[in-house]
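Participant: Note that the sequence shown covers residues 1 to 103 in the UniProt record's numbering.
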Amino acid sequence: MPGQRSRSPLRRVAVHAAVVAGLLVLFAVARLSSGAADGADIGAGLVGLPLLALGFPWTLLLFVDPARLYDLPTALWYLVTLGPAVLNVALHALLVRRRPARG
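#1: Just to confirm, are Asn88 and Leu60 a CB contact at a threshold of 8 Å?
#2: Inspect the beta-carbon positions of Gly44 and Ala30 and report whether they are closer than 8 Å.
#3: Just verifying my parser: in three-state terms, what is the DSSP assignment at Gly3?
#4: Assign Gly48 to one of two classes, buried (16 or more other C-beta atoms within 10 Å of its C-beta) or exposed (fewer than that).
#5: Which stretch, first to last residue, makes up the alpha helix (DSSP H) that contains Leu94?
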């Protein structure tokens with residue numbers, strides 16, 4: 001759009017990484033501050049939803065059938081649910097790095 005300041009691709013990657021990192025920190029704080037071991041952790045769930053969205057398309061199966069994850073060990077559950085958002089940041093950075101500069 002005319003009049004809009006163009007943002008460099010590296011800046012977009014930095015913002016993407018900052019958003020994911022911030023949400024991961026909020027998720028960890030919400031999860032660790034929750035006292036309920038067997039109950040629903042609403043705070044972590046609310047922070048986890050945008051992290052799942054930032055992990056698309058890798059997290060699509062989690063939205064379709066979340067019951068598949070109930071029996072996973074805790075560390076693997078975190079990797080499967082939160083890892084795709086981090087993977088997308090890495091892929092974003094890789095694509096920006098490999099993309100030729102516009103002339």
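Heads up, the beta-carbon is just placed ideally off N, CA and C, and yes, glycines get one too.
Facilitator: Reading it off the structure:
#1: Against the sequence shown, residue 88 aligns to sequence position 88. Against the sequence shown, residue 60 aligns to sequence position 60. For the 8 Å CB-CB criterion, Asn88 and Leu60 do not form a contact.
#2: In the sequence shown, counting from the first residue as 1, residue 44 sits at position 44. In the sequence shown, counting from the first residue as 1, residue 30 sits at position 30. As written in the sequence, residue 44 is Ala, which differs from the Gly given in the question. With respect to Ala30, Ala44 sits close: the two C-beta atoms are nearer than 8 Å.
#3: The residue you call residue 3 lines up with position 3 of the sequence shown. The predicted model places Gly3 with a pLDDT of 45, which falls under 50 and marks its position as unreliable; any figure quoted below should be read in that light. Three-state DSSP puts Gly3 in coil, outside helix and strand.
#4: Sequence index remark: in the sequence shown, residue 48 carries index 48 (1-based). Its Cβ being crowded by 16 or more others within 10 Å, Gly48 is buried.
#5: Residue mapping note: residue 94 aligns to position 94 of the sequence shown, counting from 1. For Leu94, the enclosing alpha helix (DSSP H) starts and ends at 74-98.
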